[in-house]
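So that you can map any letter, position 336 of the sequence shown is 335 in numbering that gives the first Met the number 0, and since no number is skipped, the others follow by simple counting.
Every residue, glycine too, gets a C-beta built ideally from N, C-alpha and C.
If you're wondering where the values come from, they're calculated on a predicted model, not measured in any experiment.
Worksheet: the structure to be examined is printed underneath.
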Amino acid sequence: MGLDSRPLSTLHEKASYEVADFEVPTGREEEWRFTPLRRLRGLHNGTAEADGKVIVEVEAAPEAAVETVGRDDARLGRAYEPADRVSAQAWASFSQATVVTVPKEAVASAPTVLRLRGEDASAAAYGHTTVILEPFAQATVVLVHRGSATYADNVEFVVGDGAALSVISLQDWADDAVHVSHQHARLGRDARFTSHNVTLGGDLVRVSPTVSYGAPGGDATLYGVYFADGGQHLEHRLLVDHTVPNCRSRVDYRGALQDEGAHAVWIGDVIIRAEAEGTDTYELNRNLVLTDGTRVDSVPNLEILTGEVVGAGHASASGRLDDEHLFYLQARGIPFDQARRMVVRGFLGQLIERIEVDEVREKVREAIEAELDR
Numbered sequence: 000m001g002l003d004s005r006p007l008s009t010l011h012e013k014a015s016y017e018v019a020d021f022e023v024p025t026g027r028e029e030e031w032r033f034t035p036l037r038r039l040r041g042l043h044n045g046t047a048e049a050d051g052k053v054i055v056e057v058e059a060a061p062e063a064a065v066e067t068v069g070r071d072d073a074r075l076g077r078a079y080e081p082a083d084r085v086s087a088q089a090w091a092s093f094s095q096a097t098v099v100t101v102p103k104e105a106v107a108s109a110p111t112v113l114r115l116r117g118e119d120a121s122a123a124a125y126g127h128t129t130v131i132l133e134p135f136a137q138a139t140v141v142l143v144h145r146g147s148a149t150y151a152d153n154v155e156f157v158v159g160d161g162a163a164l165s166v167i168s169l170q171d172w173a174d175d176a177v178h179v180s181h182q183h184a185r186l187g188r189d190a191r192f193t194s195h196n197v198t199l200g201g202d203l204v205r206v207s208p209t210v211s212y213g214a215p216g217g218d219a220t221l222y223g224v225y226f227a228d229g230g231q232h233l234e235h236r237l238l239v240d241h242t243v244p245n246c247r248s249r250v251d252y253r254g255a256l257q258d259e260g261a262h263a264v265w266i267g268d269v270i271i272r273a274e275a276e277g278t279d280t281y282e283l284n285r286n287l288v289l290t291d292g293t294r295v296d297s298v299p300n301l302e303i304l305t306g307e308v309v310g311a312g313h314a315s316a317s318g319r320l321d322d323e324h325l326f327y328l329q330a331r332g333i334p335f336d337q338a339r340r341m342v343v344r345g346f347l348g349q350l351i352e353r354i355e356v357d358e359v360r361e362k363v364r365e366a367i368e369a370e371l372d373r
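Spelled out as structure tokens, the structure:
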């Protein structure tokens, strides 16, 4: 299990499996400057008591094999290179991992659902999940996070040549939960990867999806929906690393915020390396501010090291409800509260509708309605 020896971009300067290779964050570092470290309960500096527990329950598709394995399983770490101290600490601290495998050319007839439930937020828990799609397989995997926890984990997605994986990750924690998650996808030749990150619950949730390409033809689409209430800190930090020619990526994250102290952070890093000619990429983040007292930080970064690209761009926008939209609806007899709901539904609904699993899609809709009821 060796690290790639190629030079790393300035957007991804260090990768190591050793906790000691990463300095304890102070909050002044670029990758930590938006995160309230005091609310991480020691996940970032090693002071957290590591006797917490998050229970994993799996409902597997008939075609998928699910195993609980030890740290020494050779399949762990195939798509994974820690890039910060919390990720490295999670790698060093988990005792058992969940491995989901879909065999070559199999088409899963149902989603594989992993339900992760925390029962106590007073002590830290660490986890690791690896999802492997062998060549030309197709599958959908759902990760559901609920309960109270102080939790750091790494999730790997190894998508083989010609395979297609869709992932839905729902962060619906209790109000006292802290979750720092790194999600790593490694795509083979002509592989397709789609992810939906939906973050609604928790006191502090920081999710870092990354995508890397092992051969030409890879196609990654990353969607995200989040709704931050008063006092919540919801952070999403993405890295799409184009290292080989003729690959594609699309990113579309949308969030809504309401009430005092709600804070949403979105960082979108895309690297197109010198050898990645023919890259086609675009990333977008939009935020809808519903009340005073909220804060949004949205930072798209695009680093291009070759002039031979099909397309490369990014956009970011944050703003209040459009008065003209509300006036238009109210002028037709729709009360203000209902008009407000309609605008938010339309804004987030475009991405919610893309969730392929009916049960999850309906639960997300219900959760958004509950947020608006507040």
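Among the options, whose alpha-carbon lies nearest the alpha-carbon of residue i?
i      : options                        : result
Ser315 : Tyr212, Gly201, Leu287, His144 : Leu287
Gln337 : Arg40, Glu368, Ile266          : Glu368
Asp152 : Ile303, Val55, Ser86           : Ser86
Val267 : Glu352, Pro110, Val206         : Correcting the residue type first, residue 267 is Gly in the shown sequence and not Val. With distances taken between Cα atoms, Gly267 lies closest to Val206.
Asn300 : Gly306, Ala311, Arg294         : Ala311
Glu48  : Val359, Ala96, Tyr150          : Tyr150
Gly345 : Asn245, Gly306, Arg285, Asp357 : Arg285
Ala73  : Leu238, Ile131, Arg32          : Ile131
Gly41  : Gln88, Val239, Trp172          : Gln88
Leu304 : Leu283, Ser121, Val269, Val295 : Val269
Lys103 : Tyr79, Arg77, Gly76, Pro134    : Pro134
Val204 : Ser168, Asp218, Leu238, Ser194 : Ser168
Val166 : Asp119, Phe192, Ser180         : Phe192
Ser297 : Pro208, Gly318, Phe156, Glu58  : Gly318
Trp265 : Leu115, His181, Val295         : Val295
Ala261 : Asp83, Phe33, Pro208           : Phe33
Glu58  : Ala162, His313, Pro110         : Pro110
Tell me which residues share the same chain as residue i and place their Cβ nearer than 6 angstroms to its Cβ, disregarding the 5 neighbours each side in the sequence.
i      : result
Glu259 : Gly229, Gly292
Ala64  : Thr100
Gln95  : Thr67
Gln349 : none
Leu115 : Val53, Val55, His144
Ser180 : Asp152, Val206
Leu75  : Ala96, Thr129
Report yes if the C-beta distance between residue i and residue j is below 8 angstroms; otherwise report no.
i      : j      : result
Thr278 : Arg249 : no
Val210 : Ala190 : no
Thr97  : Val143 : no
Gly241 : Ala273 : Per the sequence shown, residue 241 should be read as His rather than Gly. Cβ distance not < 8 angstroms, so His241 and Ala273 don't count as in contact.
Leu199 : Asp171 : yes
Leu186 : Tyr212 : yes
Gly126 : Phe93  : yes
Phe21  : Arg77  : no
In whole angstroms, what is the alpha-carbon distance linking residue i and residue j?
i      : j      : result
His178 : Gly201 : 8 angstroms
Thr290 : Tyr225 : 16 angstroms
Asp50  : Ala123 : 6 angstroms
Glu422 : Arg331 : No statement about residue 422 is possible, as the shown extent of the chain runs from 0 to 373 and does not include it.
Gly117 : Arg38  : 18 angstroms
Ala19  : Glu355 : 41 angstroms
Thr128 : Lys52  : 15 angstroms
Ala105 : Val197 : 27 angstroms
Glu370 : Ala263 : 15 angstroms
Arg145 : Tyr79  : 24 angstroms
Asp218 : Leu164 : 11 angstroms
Ala148 : Ser15  : 26 angstroms
Pro81  : Val343 : 36 angstroms
Arg188 : Ala136 : 13 angstroms
Ala91  : Thr25  : 21 angstroms
Ala176 : Pro35  : 14 angstroms
Val308 : Ile271 : 9 angstroms
Arg70  : Thr46  : 22 angstroms
Val112 : Glu358 : 11 angstroms
Pro333 : Gln257 : Inspection of the sequence shows that residue 333 is occupied by Ile rather than by Pro. If you take the alpha carbons of Ile333 and Gln257, they lie about 22 angstroms apart.
Cys246 : Thr280 : 8 angstroms
Asp119 : Gly306 : 51 angstroms
Leu138 : Gly161 : Residue 138 is actually Ala in this sequence, not Leu. Each residue's alpha carbon lies about 12 angstroms from the other.
Met341 : Phe335 : 10 angstroms
Arg27  : Arg353 : 37 angstroms
Ser121 : Glu17  : 26 angstroms
Closer than 7 angstroms to a non-hydrogen atom of the ligand HEM - does that hold for the CB of residue i?
i      : result
His144 : The ligand HEM is absent from the structure shown, which contains no ligands of any kind.
Mind reading off the beta-carbon distance from residue i to residue j? Whole number of angstroms is fine, and I expect it under 8 angstroms.
i      : j      : result
His235 : Gly223 : 6 angstroms
His183 : Val154 : 7 angstroms
Sorted by chain position, which residues of the same chain lie with C-beta nearer than 8 angstroms to residue i's C-beta, five sequence neighbours on each side aside?
i      : result
Ser108 : Ala60, Pro61, Glu62
Pro244 : Pro215, Glu274, Ala275, Glu276, Gly277, Thr278
So, for residue i: in the same chain, excluding its five sequence neighbours on each side, which residues have a beta-carbon less than 7 angstroms away from its beta-carbon?
i      : result
Ile351 : Val224, Arg360, Val363, Arg364
Asn44  : Val23
Ser347 : Looking at the sequence itself, residue 347 is Leu, so the reference to Ser does not match. Excluding positions up to five away in sequence, the list reads Val224, Arg253, Ala255, Ile367.
Arg373 : Asp228
Asp251 : Tyr222, Leu283, Leu350
Pro208 : Gln182, Ser194, Asn196, Leu221, Leu237
Contact criterion: CB-CB distance below 8 angstroms. Does residue i meet it with respect to chain D?
i      : result
Ala338 : Structure shown: chain D not included; a single protein chain is present.
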